[in-house]
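In what follows, a single structure is set out as structure tokens and then discussed.
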Amino acid sequence: MIGRELMSEVRDLQLKVLWLSGRLYHRHETVEPHQHDFAQVQLVLSGQEYTDLTQSNGDDSVSVSVFANQLVFIPPYTTHSFHFEHETVVLDVKFDLQADIAGLIEKNASQHIFDVEDVSPFYALLNEAIPAEQKRFPAAALQLDVDFKQLLLSTIFKQQPTESSTHNLDRLIDINTDFPLLKYLQAHYAEPIQLPELAAHFNYSKNYLIRICKRETGLTPMNLLQHIRLKHAQNYLEYTDLSVNDIAIKIGLDANYLTKSFTKTIGTHPIAYRKQSRQEHERNITLMNTFNRQSQPQIKNTIQHPMD
3 MIGRELMSEV
13 RDLQLKVLWL
23 SGRLYHRHET
33 VEPHQHDFAQ
43 VQLVLSGQEY
53 TDLTQSNGDD
63 SVSVSVFANQ
73 LVFIPPYTTH
83 SFHFEHETVV
93 LDVKFDLQAD
103 IAGLIEKNAS
113 QHIFDVEDVS
123 PFYALLNEAI
133 PAEQKRFPAA
143 ALQLDVDFKQ
153 LLLSTIFKQQ
163 PTESSTHNLD
173 RLIDINTDFP
183 LLKYLQAHYA
193 EPIQLPELAA
203 HFNYSKNYLI
213 RICKRETGLT
223 PMNLLQHIRL
233 KHAQNYLEYT
243 DLSVNDIAIK
253 IGLDANYLTK
263 SFTKTIGTHP
273 IAYRKQSRQE
283 HERNITLMNT
293 FNRQSQPQIK
303 NTIQHPMD
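To get the working numbering, take the position in the sequence shown, counting from 1, and add 2.
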């Protein structure tokens with residue numbers, strides 16, 4: 003009979019998650035070149051990441067820009083670095099990868115960046131990792147390994163997705179899109195915006211603008227703007243210590259209105275949401291005792307501050 007303690011260490015033989023972390027990188031922050039013997043995925047939830055990669059033979063170097071709803075796959079022994087020109091929220095997963103899976107990916111995927119149609123299953127991994135780290139039940143870590151492996155392989159090897167009239171809100175807000183109104187609102191959400199001025203900007207009538215926006219997104223222009231602002235508020239609550247008043251200023255809302263709208267839409271007060279999300283998401287979750295936390299690269303800020 004296998005004891006409970008031994009069963010708690012059962013892991014997937016092909017892919018073993020070592021580390022998960024969600025964090026906000028600030029403008030001008032950098033992670034200097036480094037490499038490791040495990041694989042890594044960086045999934046950009048919002049913002050943009052600039053990644054430099056050098057293969058183990060040193061002959062193949064590439065620089066890529068990773069946008070929201072995209073992930074970059076970094077094979078073992080690949081020297082890599084990151085830098086950020088905008089505030090960027092990233093889900094970082096580090097994992098052991100058996101040679102057969104690594105070879106499969108290398109043979110069939112010629113690129114480093116992959117689009118993620120729906121980020122919510124990846125985001126849910128952070129919640130799933132908590133019982134795995136705490137060993138609440140024997141199969142928790144194994145289930146995490148399997149779920150991440152399935153997500154990673156389906157992302158890399160997926161067929162061209164078919165279009166759907168049902169939009170995922172997170173994808174709608176974060177993904178790079180050709181819909182001009184959404185791109186405009188993503189760029190100007192912190193500014194005072196009213197429907198008449200918005201319609202005038204695009205040389206449309208208000209009714210026509212509402213109609214095409216609902217056709218493309220399922221929302222009216224002002225509802226879409228509200229969702230974009232609330233999504234940014236969520237990120238600020240989860241990954242910064244900004245007050246609700248400061249967050250409201252950053253997203254173009256009054257603090258009282260933000261609190262009321264956030265509570266109605268998300269279902270909880272902003273302060274309660276921050277407390278809960280910090281407990282669930284703002285953790286560096288280590289699933290292997292042999293993984294050395296001290297091996298994590300230092301984050302530096304390249305902004306030059308004047309001397310006092």
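Heads up, the beta-carbon is just placed ideally off N, CA and C, and yes, glycines get one too.
Here the structure is a predicted model, which is why all the values come from computation and not from measurement.
Bridge partner(s) assigned by DSSP for residue i
i           : result
residue 85  : 32 and 52
residue 27  : 90
residue 42  : 76 and 96
residue 303 : 31
residue 232 : DSSP, once it has assigned bridges, lists no residue as partnering residue 232.
residue 68  : 51
residue 18  : 98
residue 63  : 56
residue 115 : 74
Alpha carbon of residue i to alpha carbon of residue j, nearest angstrom
i           : j           : result
residue 235 : residue 297 : 32 angstroms
residue 260 : residue 276 : 14 angstroms
residue 16  : residue 144 : 11 angstroms
residue 183 : residue 215 : 8 angstroms
residue 225 : residue 268 : 14 angstroms
residue 165 : residue 127 : Since pLDDT at residue 165 reaches only 35, below the 50 mark, its modelled position is unreliable, and the value read off the structure follows with that caveat. For residue 165 and residue 127, the distance between alpha carbons rounds to 26 angstroms.
residue 47  : residue 53  : 15 angstroms
residue 108 : residue 204 : 45 angstroms
residue 155 : residue 121 : 14 angstroms
residue 115 : residue 153 : 15 angstroms
residue 265 : residue 111 : 43 angstroms
residue 291 : residue 181 : 47 angstroms
Proximal residues to residue i (C-beta, below 7 angstroms), its chain only, five neighbours per side dropped
i           : result
residue 208 : 197, 198 and 201
residue 228 : 263
residue 190 : none
residue 257 : 246, 247 and 250
residue 19  : 95, 97, 146, 147, 150 and 289
residue 29  : 86, 87, 88 and 89
residue 231 : 191, 253, 254 and 255
residue 187 : 226, 227 and 230
residue 57  : 80
residue 242 : 26
Beta-carbon contacts of residue i that lie in its chain and below 8 angstroms, excluding the five residues immediately before and after
i           : result
residue 32  : 83, 84, 85, 86, 301, 302, 303 and 304
residue 194 : 254
residue 41  : 75, 76, 77, 78, 96, 97, 98, 99 and 104
residue 244 : 238 and 252
residue 11  : 143
residue 278 : 270
residue 133 : 139 and 142
Buried/exposed call for residue i, threshold 16 Cβ in 10 Å
i           : result
residue 213 : exposed
residue 49  : buried
residue 71  : buried
residue 159 : exposed
residue 210 : exposed
residue 64  : exposed
residue 313 : In the structure as shown, the chain begins at 3 and stops at 310. Residue 313 is therefore absent and cannot be evaluated.
residue 131 : buried
Own chain, CB closer than 6 angstroms to residue i, minus 5 neighbours either side, in chain order
i           : result
residue 249 : 235 and 238
residue 39  : 78
residue 36  : 299
residue 125 : none
residue 129 : 282
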